[in-house]
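Chemist:
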Amino acid sequence: MLGLMQKKQLLISSILTHAAAHHGEQEIVSNTIEGGMHRYTYADAEKRIMQLANALVRLGVKLGDRVGTLAWNGYRHFEIYYATSGIGSICHTINPRLFPEQVAYIVNHAADQYIFIDLNLYPLVEALGAHLKTVKGVVVMTDKAHMPDTAKLSATIPVHCYETLIADEPETIAWPDFDENTASSLCYTSGTTGNPKGVLYSHRSTLLHAYATHMTDSSPLGAADCVLPVVPMFHVNAWGVPYSALMSGTKIVFPGIQMDGGSLTKMMNDEKVTCSLGVPTIWLGLLQHLRESGQRLETVKRFLIGGAACPLAIIEGFGKEYDISVVHGWGMTELSPVGTINAPKAGMEKMSADEKYRHQLKQGRALFGYEMKVIDDDGNALPHDGKSFGRLMSRGYWVVSEYFNDDENPDGILDDDNWFDTGDVATIDERGYMQITDRTKDVIKSGGEWIGSIDLENVALSHPAVAQAAVIGIPHPKWDERPLLIVVKKPGAEVTREDLLSFYDGKIAKWMVPDDVAFVDEIPLGATGKILKTKLREQFADYKLPTA
Ligand code: ADP
114 MLGLMQKKQL
124 LISSILTHAA
134 AHHGEQEIVS
144 NTIEGGMHRY
154 TYADAEKRIM
164 QLANALVRLG
174 VKLGDRVGTL
184 AWNGYRHFEI
194 YYATSGIGSI
204 CHTINPRLFP
214 EQVAYIVNHA
224 ADQYIFIDLN
234 LYPLVEALGA
244 HLKTVKGVVV
254 MTDKAHMPDT
264 AKLSATIPVH
274 CYETLIADEP
284 ETIAWPDFDE
294 NTASSLCYTS
304 GTTGNPKGVL
314 YSHRSTLLHA
324 YATHMTDSSP
334 LGAADCVLPV
344 VPMFHVNAWG
354 VPYSALMSGT
364 KIVFPGIQMD
374 GGSLTKMMND
384 EKVTCSLGVP
394 TIWLGLLQHL
404 RESGQRLETV
414 KRFLIGGAAC
424 PLAIIEGFGK
434 EYDISVVHGW
444 GMTELSPVGT
454 INAPKAGMEK
464 MSADEKYRHQ
474 LKQGRALFGY
484 EMKVIDDDGN
494 ALPHDGKSFG
504 RLMSRGYWVV
514 SEYFNDDENP
524 DGILDDDNWF
534 DTGDVATIDE
544 RGYMQITDRT
554 KDVIKSGGEW
564 IGSIDLENVA
574 LSHPAVAQAA
584 VIGIPHPKWD
594 ERPLLIVVKK
604 PGAEVTREDL
614 LSFYDGKIAK
624 WMVPDDVAFV
634 DEIPLGATGK
644 ILKTKLREQF
654 ADYKLPTA
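Its first residue numbered 114, the sequence shown is counted upward by one per residue in the numbering used here.
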C-alpha cells in the first residue's frame, strides 16, 4: 500500500522558489572580478536566474544538455547553478586551475554545449578555441563595458556577453517539472591518477545532501547566519553551500579571487560572517595573517575544514587564540562531497579543552543518509575500535553509482552490495568517529606494516618553526619503504633535521618516526589546494635515505 502524501519531486528549482518567497530580502554579496563588491537580494537573484534560464532556452539548451562553467565564487556563477538545473540542463563546473589540456579533455568528454567563463579566465578559453569540439558558444560573465576583445575566438565559436544575453529576457519562468533523479550538475575528480572522472549528481542527491549538511550536528546554517564559502564552486558545488544556504535563508558572501588572509579578514568583518568553509591551506594563511596583523574576526563562530586532514595547529590556533571552533569534515567528489562531520556526542562536554582539540583530528561521524565501513584485504568488516584500519567503503543517498561515460571501469565501480571504495584508509572508533590514516596510494609500507602519513605530518606541523609538512615513502632496501619528512620552514624560523626528528619522541611509535628530513622552499599544491604527493614522489625519486 502506498502512502497518501503528495508526490512532489525533489527539484533544485524548489529551493530557489522557497528562498525568494520566504527570504526575499536576504543578501548575496560578491567580491567581483571587475572590482568592488556587488550586492543584491534573493528576490533580485531569482529574477536574474529566470532571465538567464529564458536565455538558455532561447539558445537551444535542453533537458540533459551540459553547460560548462570556468568561474570563481560569485553571483553570476550562482545564477548559472540555478538557471541550468532549473530547466533540467546540467551545470558542469570546471576547475580553472587545471592544465589547459585537462580542461579541453573534460569539456570534450562532457560534451559541453556552452561555456560560461569569468573575465580573468577568458584567455584560457581563447587559447583552447578549436580544441573545444562540442561548444556552440562562449559566454563571458561580465557586462558590455568590460568585454574583452573577442575577435580571435569569435572566428571559431560565437562569444556572448552575459549581461547582454539576459538583458531583454522575461523575469519569470514556469520551472518545468521532471523526475527528481534527473541529472543536475557534473563535477570531475582532479584525476591525480588516470583521466579525470565525471560524477553526475541528481536533483534528489543534491537536495538530500543539502538537507543533511546543514543540520545542527553538521555545518549548521540559519536565517541569522552569514556564510562565506572559500571552497570554490568548481570544487564539488562548494560543498553544497549554494543549496543549503538558500534552504535556510542564510546570507552568502562570495569571495571572488581574493582568498588571502587579509582579504578574507576584511570581508568576514565587513559582512559579519558567522561561518566559513574551506581546505586547510586557506586557514593556515588566515591564521598567519591574524597573528601578524593583530586583527581579529569579530563575528565568526565556526569554520568547517575538510578536503585534506586538518592539522592540530589550525584547530588549536583558532580555538585558543580566537575562540572559533574548527569543525573537521571529510568527503570526496564521489560523495557530493560530505560523508562525515565531527560534532560532539553527549558526555564529551566533560573532555578537557586539549582532549576536545585532539578529538577534532578525527574526520567525524556518518551523517544520516551516508553509510560507511572499514574492511580488510579480504573484504571483512573491521571492528569499531579506533585502531583497526582498512579500506574505507561508502554507500548512501548521495554516493556515486557510476562515473559519467566511463570506459575505464567496464564492470562498474561498486561491489555486489553497492559499496564504493573511497581509496582512503581509515579507522572507526567505538563511538563511530572515523579517522583517515591516509590515501591508499600514499600509505607508507614499511616491513609489512603500514605507516599513515597524516599522523606524521600532524606532529611536524605542531612544531613552531614548521609552515608546511608532507611525508612520503622512499624506497628502502630492507624495509621496502621508509618515511621522509619534507618541510617548509616559517619565514625567519630555524630548525634542524635533528630537532625535528627528536620532536617525534613520545608522540608516535619509534619505528614510525621518519628516517630523514628534507627542507624545501615550497611544497607543490594541486588544483584544489591539496598537497600533490605524486609530484613530491617524482621530485624525490632519486633520494637516498641515510638509513638505506
Ligand atoms: P581530489 O582531491 O582527487 O580532487 P576530492 O577533492 O574528491 O578528490 O578529495 C577526496 C579526498 O580528499 C578523500 O578521498 C580524502 O583522501 C581527502 N580528504 C578529504 N577530506 C579529508 C579530511 N578531512 N582529512 C583527510 N583527508 C581528506
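Where is the CB? At the ideal position from N, CA and C, for every residue including glycine.
Hey, how far is the Cα of residue 505 from the Cα of residue 533?
Modeler: If you take the alpha carbons of residue 505 and residue 533, they lie about 9 angstroms apart.
Chemist: Among 411, 374 and 377, which one has its Cα closest to the Cα of residue 385?
Modeler: Cα-wise, what sits closest to residue 385 is 411.
Chemist: Do the CB positions of residue 649 and residue 659 come within less than 8 angstroms of each other?
Modeler: Not in contact: residue 649 and residue 659 (Cβ atoms no closer than 8 angstroms).
Chemist: Does the distance from the CB of residue 448 to the CB of residue 487 come in under 8 angstroms?
Modeler: Taking 8 angstroms as the Cβ cut-off, residue 448 and residue 487 do not qualify as a contacting pair.
Chemist: By alpha-carbon positions, which one of 460, 617, 475 and 367 ends up nearest to residue 149?
Modeler: The residue with the shortest Cα to Cα distance from residue 149 is 367.
Chemist: Counting along the chain, where does the beta strand (DSSP E) carrying residue 178 start and finish?
Modeler: Note, residue 178: premise wrong, no beta strand (DSSP E); not H, not E.
Chemist: What first and last residue would you give for the alpha helix (DSSP H) that runs through residue 199?
Modeler: Where residue 199 is concerned, the enclosing alpha helix (DSSP H) stretches over 188-199.
Chemist: How far does the alpha helix (DSSP H) with residue 471 in it reach, from first residue to last?
Modeler: Its alpha helix (DSSP H) spans residues 466-472.
Chemist: Taking 8 angstroms as the cut-off, decide whether the C-beta atoms of residue 243 and residue 277 are in contact.
Modeler: Taking 8 angstroms as the Cβ cut-off, residue 243 and residue 277 do not qualify as a contacting pair.
Chemist: Does the distance between the C-beta of residue 441 and the nearest non-hydrogen atom of the ligand ADP fall short of 7 angstroms?
Modeler: Result yes, Cβ under 7 angstroms from the ligand ADP.
Chemist: According to DSSP, simplified to helix, strand and coil, what is residue 558?
Modeler: Strand at residue 558.
Chemist: Exposed or buried, which one is residue 381 when buried takes at least 16 other CB atoms within 10 Å?
Modeler: The residue is buried, with at least 16 neighbouring Cβ atoms inside 10 Å.
Chemist: Within 10 angstroms of the Cβ of residue 177, are there 16 or more other Cβ atoms? Answer buried if so, exposed if not.
Modeler: Looking at its Cβ environment, which holds fewer than 16 other Cβ atoms inside 10 Å, residue 177 is exposed.
Chemist: Would you list the one or two residues that DSSP bridges to residue 350?
Modeler: Answer is none; residue 350 lacks a bridge partner.
Chemist: Once DSSP output is grouped into helix, strand and coil, what is the label at residue 547?
Modeler: Three-state result, residue 547: strand.
Chemist: How big is the Cα-Cα spacing for residue 271 and residue 232?
Modeler: One C-alpha to the other measures close to 16 angstroms.
Chemist: Using three-state DSSP, classify residue 511 as helix, strand or coil.
Modeler: Residue 511 falls in the coil class under three-state DSSP.
Chemist: Enumerated in chain order, which unbroken segments of the beta strand (DSSP E) with a length of 3 residues or greater are wholly contained in the stretch 258-282?
Modeler: Whole beta strand (DSSP E) segments, 3+ residues: 272-274.
Chemist: Exposed or buried, which one is residue 476 when buried takes at least 16 other CB atoms within 10 Å?
Modeler: Residue 476 comes out buried.
Chemist: Should residue 116 be listed as close to the ligand COA, given that the test is whether its C-beta is under 7 angstroms from any heavy atom?
Modeler: Absence of the ligand COA is noted for the structure shown, with the ligand ADP being the only ligands found.
Chemist: Using a Cβ-Cβ cut-off of 7 angstroms (strictly less than) and excluding sequence neighbours within five positions of residue 239, which residues of its own chain qualify?
Modeler: These residues qualify, in order along the chain: 265 and 266.
Chemist: What does the alpha-carbon distance come out to for the pair residue 234 and residue 215?
Modeler: Spanning the two alpha carbons is a distance of roughly 15 angstroms.
Chemist: In the structure shown, what three-state DSSP assignment does residue 444 receive?
Modeler: In this structure, residue 444 counts as strand in the three-state DSSP scheme.
Chemist: Quick one: is residue 126 buried, meaning 16 or more other Cβ sit within 10 Å of its Cβ, or exposed?
Modeler: Looking at its Cβ environment, which holds 16 or more other Cβ atoms inside 10 Å, residue 126 is buried.
Chemist: Distance, Cα to Cα, residue 563 vs residue 446?
Modeler: C-alpha separation (whole angstroms): 26 angstroms.
Chemist: Compute the Euclidean distance between the alpha carbons of residue 510 and residue 334, then round it to the nearest angstrom.
Modeler: Answer to the nearest angstrom: the Cα atoms are 21 angstroms apart.
Chemist: Curious, which full-length beta strand (DSSP E) runs of at least 3 residues does the stretch 404-449 contain?
Modeler: Counting only runs of 3 or more, we get 415-418 and 438-444.
Chemist: Could you name the residues of the same chain whose beta carbon sits closer than 7 angstroms to that of residue 361, not counting the 5 residues immediately before and after it, in chain order?
Modeler: So the qualifying residues of the chain are 327, 334, 335 and 336.
Chemist: Rounded to whole angstroms, what's the CA-CA distance from residue 387 to residue 587? Just pull it up for me.
Modeler: Cα-Cα distance, rounded: 43 angstroms.
Chemist: Are the beta-carbon atoms of residue 478 and residue 419 separated by less than 8 angstroms?
Modeler: No.
Chemist: In this structure, does DSSP put residue 581 in helix, strand or coil?
Modeler: The answer is strand: DSSP assigns residue 581 an E or B state.
Chemist: What does the alpha-carbon distance come out to for the pair residue 159 and residue 228?
Modeler: Cα to Cα, the separation comes out at about 21 angstroms.
Chemist: DSSP on residue 205, reduced to helix/strand/coil?
Modeler: Strand at residue 205.
Chemist: Taking all protein chains shown into account, decide if residue 463 is buried (16 or more other Cβ within 10 angstroms of its Cβ) or exposed.
Modeler: Burial call: exposed.
Chemist: How big is the Cα-Cα spacing for residue 531 and residue 594?
Modeler: When rounded, the distance between both Cα atoms is 34 angstroms.
Chemist: Between the Cα of residue 288 and those of 482, 473, 627 and 131, spot the shortest distance and give me the residue it belongs to.
Modeler: Out of 482, 473, 627 and 131, 131 has the C-alpha closest to the C-alpha of residue 288.
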